[in-house]
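Numbering (full-length UniProt numbering), first residue to last: 1 to 228. Input: a single structure, listed below in C-alpha cells.
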C-alpha cells in the first residue's frame, strides 16, 4: 500500500488495513512504510492521467512537397478522447500565426484548462499572451523531453504512417485538404486502444443489418458499418 499510494501516510494505511481485517498498531505501519528522501509528488505521467479531460496539446509537423518545399502543419488535440481539434497549414509559421490558430482551435466556451507544448522559439510572448487572454494554463515540456508530450507525438506518427507516407503533397492547399480529410477519419472512424477500441467521436457497436464500407482518403482507409 505504501508503494502504490505515495500520498498516503501511516494513519490512512492503518485505516485501510483495518477495513480489510488486519489489526496492527499504527506505529507498526509507520515502521514498515517505504522511506522516501523527499515529500512525494506526482510524476508527469500521473499528472497527465489525473487531468486528462482538461488538457490539450499542440505541436508542429513538417511536410515536404513534390517541389521540395517545406510546409508546416500545426496540430492541436484534446487528451480526453484523443480528438484532433485543429489543423493549420502554412509555409511561413510565425508567433502571430500560431497564436491565431489557438483562437480557431478553441472557441471561448471550449477552452481547455492546460495546453502542453514544447519549447520551440515560436511559442514566444505573443503566443503566451494569447494563452493568458484565453485563461489557458501554459504547460511547456522540459528541454529534450518529447515523451512529456507523448499523445500529440504519437498522433503525428500516426498521421505520417497512415496518411502522408502514402501521398505526394503538391502544395499548401493540397496538404490542408489531406489533413482535414484525415482528421475526419481519425475522429469519427479510427479505433484507439486507449479508448477501449472506439473512436474519439464514439461509435455504437452494430450487430444487425447490411454491412457497408465507406472509403476515407481516397480509399487509403475504410470505415465499416451496418445499415438497415
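Idealized CB from N, CA, C, for every residue including glycine. Computed from a prediction, not measured in an experiment: that's the story for all the values here.
Look up residue i in the DSSP assignment and say whether it is helix, strand or coil.
i           : result
residue 39  : At residue 39, the pLDDT of 49 sits below 50, so the modelled position is not reliable; the number obtained from the coordinates is stated separately. Residue 39 falls in the coil class under three-state DSSP.
residue 138 : strand
residue 85  : strand
residue 25  : coil
residue 116 : strand
residue 156 : helix
residue 19  : helix
residue 212 : strand
residue 56  : strand
Are residue i and residue j close, meaning C-beta to C-beta below 8 Å?
i           : j           : result
residue 230 : residue 152 : The structure shown has nothing for residue 230, since the chain only spans 1 to 228.
residue 2   : residue 20  : no
residue 228 : residue 210 : yes
residue 189 : residue 199 : yes
residue 165 : residue 65  : no
residue 98  : residue 122 : yes
Sort out for me which residues DSSP pairs residue i with in a bridge.
i           : result
residue 72  : 62, 90
residue 192 : 198
residue 122 : Note: residue 122 sits in no beta bridge, so no partner.
residue 6   : According to DSSP, which records beta bridges pairwise, residue 6 is partnered with nothing at all.
Just checking my contact of residue i with residue j at CB under 8 Å: how many whole Å lie between their CB atoms?
i          : j          : result
residue 11 : residue 26 : 6 Å
Next item on the list: Check whether the region 122-141 touches the region 185-198, taking contact to mean three or more Cβ pairs, one atom from each stretch, closer than 8 Å.
Entry: At 8 Å Cβ cutoff, the stretches do not touch.
Item checked: Touch test, the region 14-33 against the region 114-122, Cβ-Cβ under 8 Å, three pairs minimum -> Touching, no.
Notebook entry, point to check: Is the region 85-99 touching the region 199-215, taking contact as three or more C-beta pairs under 8 Å?
Noted result: When Cβ pairs closer than 8 Å are counted between the two stretches, the region 85-99 is seen not to touch the region 199-215, the count staying below three.
Note to self: Does the structure place the region 172-180 close enough to the region 81-91 that three or more beta carbon pairs sit under 8 Å?
What the structure shows: Counting Cβ pairs under 8 Å, three or more are found: they touch.
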